[in-house]
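Residue numbers (the numbering used here): 1 to 95. Just so it is clear, CB atoms sit at the ideal spot from N, CA and C, and this is done for glycine as well. Since the structure comes first, as C-alpha cells, the remarks are kept for the end.
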Amino acid sequence: MTPNDDCLIRYLEARRDGQGWTDEEWDVATCVIDWLKSQLEELVTGPCDWTYDDLYDFFETACGESFIIFEGGPQENKMIYCPFCGKSIKETDHE
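Written as C-alpha cells, this is what we have:
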C-alpha cells in the first residue's frame, strides 16, 4: 500500500468515525477504493499492444477494441496514444 492509499483510508476511517458510518457503508467505501486502485494500476502499467490482423485488415487492441487505418500503421500516422484506453500504443507482431 502506498502512502496515498493509506492517507485515503485514514481519511475515510475518520469520516466514518465522525459521521457514524454503518459497517455496510464502510464496506462500500473500501470496495470503491479497491476498484479505483485497480483502475489506476491498469491505466499506468504498460502500453496498449496493437496487433495487425492481415486477414481482415485492421488492428486489434489490447484493450479489446478494433481500429482500421487506411494507410500505414499507428507509427506512420503519428498516433502515440490509444484512443480507447489512453495508454501509449505499442505495435506487436501477430502470432
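### Query
By how many angstroms is the C-alpha of Gln-19 removed from the C-alpha of Cys-82?
In this structure, the alpha-carbon of Cys-82 lies about 42 Å from that of Gln-19.
### Query
CA-CA distance, Glu-71 and Asp-57?
11 Å
### Query
Should the segment 51 to 65 be regarded as contacting the segment 19 to 37, the criterion being three or more beta carbon pairs within less than 8 Å?
no
### Query
Which term fits Lys-78, buried or exposed, when burial requires 16 or more other beta carbons within 10 angstroms of its beta carbon?
exposed
### Task
Measure from the alpha carbon of Glu-86 to the alpha carbon of each residue in Asp-34, Asp-93 and Pro-47, then state which is nearest.
The sequence as given places Gly at residue 86; Glu does not occur at that position. Nearest option by C-alpha distance: Pro-47.
### Task
Report, in whole angstroms, the separation of the C-beta atoms of Ile-69 and Phe-59, which I expect to be a contact under 8 Å.
7 Å
### Where Thr-30 falls: helix, strand or coil (DSSP)
If DSSP states are grouped into helix, strand and coil, Thr-30 belongs with the helices.
### Message
As a quick exercise: from Ile-89, Ile-9, Thr-45 and Leu-40, pick the residue whose alpha carbon is nearest that of Glu-65.
### Response
Ile-89
### Query
Between Ala-29 and Trp-35, what straight-line distance do the alpha-carbon atoms span, to the nearest angstrom?
Computed Cα separation, rounded: 10 Å.
### Task
Spatial neighbours of Cys-31 within its chain, please: CB distance less than 6 Å, with the 5 preceding and 5 following residues excluded, ordered by chain position.
Close CB contacts of Cys-31 within its chain, under the 6 Å cut and outside five residues either way in sequence, are absent.
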